[in-house]
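In my numbering, the protein residues as written are 1 to 152. Positions of the beta carbon are idealized from the N, C-alpha and C atoms, including for glycine. Everything on this sheet refers to the single structure shown next.
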Amino acid sequence: MSLDVQQLLEVKKQLETEVQHLTSSFGQLKAAQAKFKSCIESVATIKLENKDKTTLIPLTSSLYVPGKLSDLDNVIVDVGTGYFVEKSTSDATKMYQEKVEFLTKNLEQLQETVLRQQENLQTTVEMIRLKARAEQQAAASRGAGQTASAAS
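Next up, the structure:
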């Protein structure tokens with residue numbers, strides 16, 4: 001089955017939308033991965049020398065209150081959908097490392113999918129170009145044939 005130029009343009013549009021969506025998803029997964037890596041780094045800063053030192057605790061992205069670390073062995077971890085669990089610092093680090101590894105695998109798979117769809121898009125664009133050129137040549141040949149028969 002061969003698609004005409006109009007059908008190929010629809011396929012191209014669909015592929016462009018899909019590539020855009022996949023690229024957006026890739027960015028979101030990268031942001032989540034960076035967040036979890038940051039959590040690992042934050043847990044690593046909990047050390048004995050920081051006990052009872054005053055620090056700033058974020059309430060929002062731009063609002064902080066002074067606070068002190070009193071428990072260096074446990075942290076409260078957001079496990080999703082508004083639920084929080086107390087975990088040891090080592091368990092919290094392990095949990096975040098597992099999440100980073102999971103996202104890394106998903107990012108690799110998603111990157112392969114994005115590349116494959118970009119290749120499909122390039123192939124489709126090339127097919128559109130070739131078919132459009134063939135249609136122009138066919139129209140030119142018909143026009144030349146009509147001109148020659150009119151001259152006879």
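Coil, strand or helix - residue i by DSSP
i: L29; result: helix
i: F107; result: It should be pointed out that residue 107 corresponds to Leu in this sequence rather than to Phe. Three-state result, L107: helix.
i: K35; result: helix
i: T23; result: helix
i: K68; result: strand
i: T45; result: coil
Residues near residue i by beta carbon distance below 7 Å, same chain, minus five either side
i: N106; result: L29
i: E18; result: Q117
i: A32; result: L103
Start and end residues, beta strand (DSSP E) containing residue i
i: T88; result: Note that residue 88 is Ser in the sequence shown here, rather than Thr. Start and end: 83 to 88.
i: I76; result: 74 to 80
i: T60; result: Here T60 belongs to no beta strand (DSSP E), and DSSP marks it neither H nor E.
Best match in the options for proximity to residue i [C-alpha to C-alpha]
i: L48; options: L130, G27, T89; result: T89
i: L72; options: H21, M95, A44; result: A44
i: E86; options: Y96, N74, M95; result: N74
i: P66; options: V77, D78, I76, K53; result: K53
Sequence-distant residues of its chain with Cβ nearer than 8 Å to residue i (five each side left out)
i: E213; result: One cannot answer for residue 213 here, as it falls past the ends of the chain, which runs 1 to 152.
Is it the case that the segment 19 to 27 contacts the segment 117 to 133, given that we only count it when at least three CB pairs across the two stretches are under 8 Å? yes
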